[in-house]
Amino acid sequence: MYKKSFLIIFFAAFFIFPVTGVIAGVDDNVSGYAWSENIGWISFNNTSGGGIIDYGVNIGSQGKFSGYAWSENIGWISFNNSDVNGCPTSPCQVKVDFDTGLLSGWAKALGFGDGWIHLNGTNYGTSINQLTGEFSGWAWGDTVIGWISFNDSNQGVFGASDYKVTVDSSIFSQPPRAFISCDPSDCNSSDCIAYTGCPFHLINQSTDPDGQSDIVKSEWDILNWGANPDLSCTTPNALCDITPQTQIMGSGNFTAELYIEDQIGQSDTIIQPFQIKQEALADFKCSLDNQNWQDCETLELSVKEVVYFLDQSTPSEGAFAIIERIWTFQNGDPSQDLSNNLNPSTKFQSGGAKDVTLTITDDQSRTDSKIYTINSQLPFPEYKEIPPILWLRNFLAIISGLFAF
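Heads up: the sequence shown begins at 6 in our numbering, then just goes up one per residue.
Put into structure tokens, the structure is as follows:
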């Protein structure tokens, strides 16, 4: 009983002369004083310097209030959900709307049977400035508590000045939401499926309720591959995309992780699985006898000599067969083969470097082309030997013709 009386005397002495800007405890982000003409000062936290009783009011990440305020005349005022169950009208728990700053719900003076305090009624209400964190407006208790003002700027306040209730305005900074979409359009694909060698894009479509500019950092990581992270971007290009190196990574199943962060360090992370399939690959060999095959660029042949080609292509991953082959022979006869031929041939009609192109299409509509350059040589001139005696006979005939005159 002695301790209880001591505490009451202490708080009465302490709150007669309130100190503007009282700081909340570690777990309490609301600070300062409200004023009631009936009950006087209402403190929303103890000092951070170690008050005898640690108390305060806190606004959580979803805008819900909790904790206790203190009145020197009526004692504890609770914002805890458990204490305000059974309030006169719903909603019961005090909550701030992050979009508008408006408060709703009820607090309760625990020392009174009818100690209800309404934060938002038909002709009155309380709100928080989303930029400054300052409370303003009025709440209503019963005839004992009466009107409660949260800021000395409220019109009609008498008998008190230089007070307000505040909260760190960062509570209105809502966390960003990470989101990834896949863009396989340059791969002529769909969903999150890429093919080796094609430019496949993962798009950063993250959002922030406080505006896209509130996102200041993005980090991309292809899990279990490459660096960690593989790409990091900050303001002014924080919402960056990534193009995985499909040719280097090769075929397989992969997972991309995107981490984003806003200006006050709130963050979100999301993962996106994607698949890289082996692309269709065109290739062929060359031969002069249609039996001994070699790399085409090492082949030595003459103009108008028959050269043979053998398809060595493979369909894409998931395809069963190549359904179209188009051969093009530069200055060849024939110059094209459109018959889906595995083993065509041609004769080059002139010397020099000649391109041979094979374009394939498989049953998944995947295509690829391969070009080899072949050097066609002009044939050596034909040599005809003339017997020496013929030269002598011609020479003697000329001499005798000169002396005949």
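By construction, the Cβ of each residue, glycine as well, lies at the ideal position given by its N, Cα and C atoms.
GLN280 sits away from CYS203, with the two beta carbons spaced by 8 Å or more. Relative to the Cα of THR94, the nearest Cα in the group THR127, SER374, TRP75 and ASP32 belongs to THR127. If you draw a straight line from the Cα of ASN399 to the Cα of LEU306, it is about 41 Å long. Taking the CA atoms as reference points, ILE269 sits about 12 Å from ASP173. In terms of CA proximity to LEU343, THR364 leads the group ASN336, GLN335, THR364 and THR372.
Only residues of its own chain outside the window of five on either side were considered, and among them TRP111 have a CB closer than 6 Å to the CB of CYS92, listed in chain order. Inter-segment contact for the region 285 to 305 and the region 369 to 376 is present: three or more beta-carbon pairs are separated by less than 8 Å. Boundaries for ASN242: no alpha helix (DSSP H) harbours it, and the DSSP string shows neither H nor E there.
In this structure, the alpha-carbon of ILE47 lies about 24 Å from that of PHE103. Residue environment: PRO241 is assigned as exposed (fewer than 16 neighbouring CB atoms within 10 Å of its CB, all protein chains considered).
The Cβ atoms of ILE185 and ILE122 lie no closer than 8 Å to each other. Ranked by Cα distance from GLN335, the options ASN193, GLN135, GLN283 and LYS309 are led by LYS309. If you ignore the 5 residues before and after THR137, its C-beta comes within less than 8 Å of the C-beta of THR171 and SER174, all in its own chain and listed in chain order. For ASP88, the uninterrupted alpha helix (DSSP H) segment begins and ends at 86 to 89. Nearest C-alpha to SER190 among GLN179, PHE205 and GLN382: PHE205.
Residue pairing from DSSP places ALA74 in a beta bridge opposite ILE82. C-alpha of SER141 to C-alpha of PHE177: approximately 16 Å in a straight line.
Across the structure, VAL312 and GLN252 are spaced so that their CA atoms are roughly 33 Å apart. For THR201, there is no enclosing beta strand (DSSP E), since its DSSP letter is neither H nor E. DSSP places ASP191 within a helical segment (H, G or I) once states are collapsed to three. For LYS69 against LYS100, the beta-carbon gap comes to about 5 Å, under 8 Å, which counts as contact. Listed as beta-bridge partners of ASN156 by DSSP are LYS169.
In this structure, ILE276 lies away from ILE220, with their beta-carbon atoms at least 8 Å apart. Given a length threshold of 3 residues, each whole run of the beta strand (DSSP E) inside the region 205 to 291 is given here in chain order: 206 to 209, 220 to 227, 236 to 239, 257 to 267 and 272 to 282. When secondary structure is reduced to three states using DSSP, ILE403 falls in the helix class.
Going by DSSP, TRP145 is part of the beta strand (DSSP E) stretching over 140 to 145.
Going by beta carbons, SER211 and ALA183 fall inside the 8 Å limit. Per DSSP, SER66 has no beta-bridge partner at all. Around the beta carbon of GLU302, fewer than 16 other beta carbons sit within 10 angstroms, so the residue counts as exposed.
The alpha carbon of THR366 has as its nearest neighbour, out of ILE58, TRP145, LEU124 and PRO320, the alpha carbon of PRO320.
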